[in-house]
Amino acid sequence: MKLLITGATGLIGKKIIAIAKERNIEVHFLSTRKHKLIPSDTLKGFYWNPQKNEIDDACFEGVDTLIHLAGASISKPWTTKNKKEILESRVNGSRLLRKALDRQKSKVKSIVCASAIGIYPNSLNDVYDEKSRLKQENFLQKVTLAWEKELKALSDHTQHLSLLRIGLVLAKEGGLLSQLTLPVQLFSGTAFASGKQWQSWIHVDDLSRLFYKAIDESWEGTFNAVAPNPVSQRDMIKTIGKALSRPVLLPNIPAFLMKMVMGERSILILGSQKVSAELILSKGFEFHFPFLPQALKDFYGKKE
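Pasting the structure below:
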């Protein structure tokens with residue numbers, strides 16, 4: 002296998018590259034930062050800039066597998082400029098890959114792309130699987146629907162295309178978990194609104210292994226990339242508190258306050274999606290961390 006990856010410097014990308022190194026897989030990666038393109042024995046960087054419609058076609062040389070992760074962070078303030086970047090980084094990046102693949106003489110064997118569970122509607126009651134009906138109710142759904150439309154257009158350039166709708170990724174190195182643990186460590190951890198919002202999460206190690214499962218077994222179609230045991234937001238905060246030996250005693254912060262402070266972006270903490278992992282379980286994927294206390298024990302070494 003020879004792998005081309007976008008989003009290589011992100012949380013997930015770094016884990017995927019680490020596995021590639023363990024498996025002696027040669028990796029090409031795309032970066033918008035030219036100073037990041039320093040090659041090593043098994044890792045070689047190539048320049049691309051989706052905003053300028055630029056890509057070095059040499060990145061495809063010998064490549065039979067593509068993992069596409071790239072997209073601007075949704076955690077920064079949703080200004081008009083940032084919302085444009087969040088959408089266009091995903092749509093234009095995917096479109097640029099498709100145009101570049103048009104110029105290649107042969108198809109790649111497998112393409113595995115990141116999507117997100119933000120595509121599902123906000124609900125405290127519904128359970129979403131890959132066949133659930135989708136509708137555009139908020140900015141996240143607008144982005145993921147447009148993103149997946151472009152991703153599916155890559156099917157003409159590969160024998161096997163799979164999309165992983167990724168849940169809340171937990172990792173000690175950063176991302177969501179670090180944002181949740183800091184208040185808990187300072188004895189100010191709490192949930193928002195009712196705290197009943199479903200949090201469909203996944204350990205970053207399980208997620209990175211899932212990408213290789215999709216590649217190794219030539220998966221096709223759309224798959225939810227979540228652990229099989231989602232929890233409420235309140236339970237997540239309490240479980241983090243237990244792992245860190247910190248009590249969670251403060252009352253929940255009302256939804257209206259978060260809407261005043263965060264505006265439209267408050268959907269990130271007030272939204273709820275209970276997402277099913279049944280399809281990937283039926284495909285034989287074995288989670289190392291199916292339960293939240295197990296995942297937190299791995300990060301913090303605390304007893305469940």
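If you want the working numbering, it's the 1-based position in the sequence shown plus 1.
Don't be surprised by glycine CBs; every beta carbon is placed ideally from N, CA and C.
Fully contained in the segment 15-39 are the following beta strand (DSSP E) runs of length 3 or more, in chain order: 27-32.
For the pair of segments examined, the segment 256-275 was found not to touch the segment 203-213: the number of CB pairs separated by less than 8 Å stays below three.
By the 16-neighbour rule on beta-carbons within 10 angstroms, GLN234 is buried. Counting C-beta atoms within 10 angstroms of its own C-beta, ILE39 has fewer than 16 neighbours from the protein chains shown and is therefore classed as exposed. Look at TRP79 here: in three-state DSSP terms it is coil, with no helix or strand label. DSSP places TRP199 within a strand segment (E or B) once states are collapsed to three. Nearest in C-alpha terms to ILE6, of all of ASN25, GLU23, THR81, ASP65, is ASP65. The alpha-carbon of HIS29 is positioned some 49 Å away from that of PRO252. Taking the Cα positions, LEU187 is about 10 Å away from GLY242. Sequence-distant Cβ neighbours of ARG266 in its own chain, meaning closer than 6 Å and more than five residues away, are TRP79. Between ARG104 and ALA154, the gap from beta carbon to beta carbon reaches 9 Å or more. Going by DSSP, TRP148 is part of the alpha helix (DSSP H) stretching over 140-153. The beta carbon of VAL92 lies closer than 7 Å to those of ALA147, TRP148, GLU151 in the same chain, with the five residues before and after it left out. Judged by DSSP in its simplified three-state form, LYS100 adopts helix.
Exclusion of the five residues before and after VAL113 leaves ILE68, SER163, LEU165, PHE212, ALA215, ILE216 as the residues of its chain whose Cβ lies within less than 7 Å of its Cβ. Counting C-beta atoms within 10 angstroms of its own C-beta, THR240 has 16 or more neighbours from the protein chains shown and is therefore classed as buried. As a beta-bridge residue in DSSP terms, ILE6 pairs with PHE30, ILE68.
Distance from the Cα of THR191 is smallest, within the candidate group ARG210, LEU271, ASN25, for LEU271.
When DSSP reads this structure, CYS60 sits in no beta bridge, so it has no partner. Contact between LYS82 and HIS158 does not hold, since the beta-carbon distance rounds to 32 Å and is not under 8 Å. In the DSSP assignment, SER111 forms a beta bridge with THR66, HIS161.
With a 10 Å radius around the Cβ and a threshold of 16 neighbouring Cβ atoms, LYS37 comes out exposed. Two segments are said to touch when three or more pairs of C-beta atoms, one from each, lie closer than 8 Å; by this definition the segment 283-303 does not touch the segment 119-129.
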